[in-house]
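Visitor:
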Amino acid sequence: MDNQLINSIIEKYQFSKKQIEAVLTLLEEKNTVPFIARYRKEQTGGLDEVQIKQIDDEYQYMVNLQKRKEEVIKNIEQQGLLTEELKKDILKQNKLQRVEDLYRPFKQKKKTRATEAKRKGLEPLAIWMKARKHEVSIEEKAQQFINEEVQSVEDAIKGAQDIIAEQISDNPKYRTKILKDMYHQGVLTTSKKKNAEDEKGIFEMYYAYSEPIKRIANHRVLAVNRGEKRKYYL
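Counting in the numbering used here, the sequence shown runs from 12 upward without gaps.
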């Protein structure tokens, strides 16, 4: 058992260290949650199934989080891009998503519109556009990047915009703010495809559905995900 992880659970749920250690020991011995709640009350201090599950889930989450931090630090270090500041930033995180956001700029990317634009030599144009100090118009500057693969000014500008968009998407600070704004202001909307076959009408309420993200119940999120996997929605 890791004392640091146990202390994190104490801070979040206010269980005693003795209770947490008892639960984790009993779970390691392959006892089930219902069994522990019913027959090991003296050891756990009378914790119920919900509380035991909270301890188990939180501890496993923290173990996986710690493991992922180590993997991310190792991967960035192998690329020769790890700084002491970045390492400290990764280690202090208590959310897996935040660790992934910090790692995102260093991941080996699959083929994207931005990687294609870079391959076509449009990254200098993107850097120039971001600088916002333009002695000539964007169209005039983009003219310099036309080649066999970039056949027009519009293509050059669009490719540079794709690069900038990916850079913003990869920035942890921007991602945190965007996710927060999306949660508080975003709206999830679905509509049925014309050729979607839902004979039993299981997903009928989502054929023309719209709801603020912060109000969506978990079971509706799962239903929307199932319908999306079956390609019912636009």
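The C-beta atom is built at its ideal place from N, Cα and C for all residues, glycine as well.
1) Check L199 in the structure and name its three-state DSSP category.
2) What residues match up with A219 in a beta bridge as DSSP calls it?
3) Tell me whether Q30 is buried or exposed, calling it buried when 16 or more other Cβ atoms sit within 10 Å of its Cβ.
4) Could you give the DSSP three-state label for Y250: helix, strand or coil?
5) What is the DSSP secondary structure of Y3, reduced to helix, strand or coil?
6) How many Å lie between Y244 and G212 at the Cα?
7) If contacts are defined as beta-carbon pairs under 8 Å, then Y218 and K203 qualify, I think. What distance do you get, rounded to the angstrom?
8) Going by beta carbon distance, what residues of the same chain come within less than 7 Å of Y70, once the five residues before and after it are set aside?
9) For E39, which three-state DSSP category applies?
10) Quick one, are the C-beta atoms of D181 and P135 less than 9 Å apart?
11) Distance, Cα to Cα, S221 vs T187?
12) Quick test of your reading: V198 and I174, contact by CB under 8 Å. State the CB separation rounded to the nearest angstrom.
13) Report buried or exposed for E177, applying the criterion of at least 16 other Cβ atoms within 10 angstroms of its Cβ.
14) Could you tell me which whole beta strand (DSSP E) segments of length 3 or greater appear in the region 68 to 132?
15) Out of E39, A33, Q90, V74, which has the shortest C-alpha to C-alpha gap to G57?
16) Measuring CA to CA, which of Q90, E60, V61, K191 is closest to Q108?
Guide: This is what the structure holds:
1) L199 falls in the strand class under three-state DSSP.
2) According to DSSP, which records beta bridges pairwise, A219 is partnered with S202.
3) Buried, by the Cβ-count rule.
4) Any answer about residue 250 is impossible in this case: the structure gives the chain only from 12 up to 245.
5) Given that the chain is displayed from residue 12 to residue 245, the structure contains no residue 3 and the question cannot be resolved.
6) A straight line joining the alpha-carbon of Y244 with that of G212 spans about 13 Å.
7) Confirmed, about 4 Å.
8) So the qualifying residues of the chain are L16, I20, L35.
9) Assigned with DSSP and collapsed to three states, E39 falls in helix.
10) The Cβ atoms of D181 and P135 do not sit closer than 9 Å to each other.
11) Rounded to whole angstroms, S221 to T187 spans 24 Å at the Cα level.
12) Rounded, the Cβ-Cβ distance is 29 Å, inconsistent with contact.
13) With 16 or more neighbouring CB atoms inside 10 Å of its own CB, E177 falls in the buried class.
14) Counting only runs of 3 or more, we get nothing.
15) For G57, the nearest C-alpha among the options comes from A33.
16) Out of Q90, E60, V61, K191, K191 has the C-alpha closest to the C-alpha of Q108.
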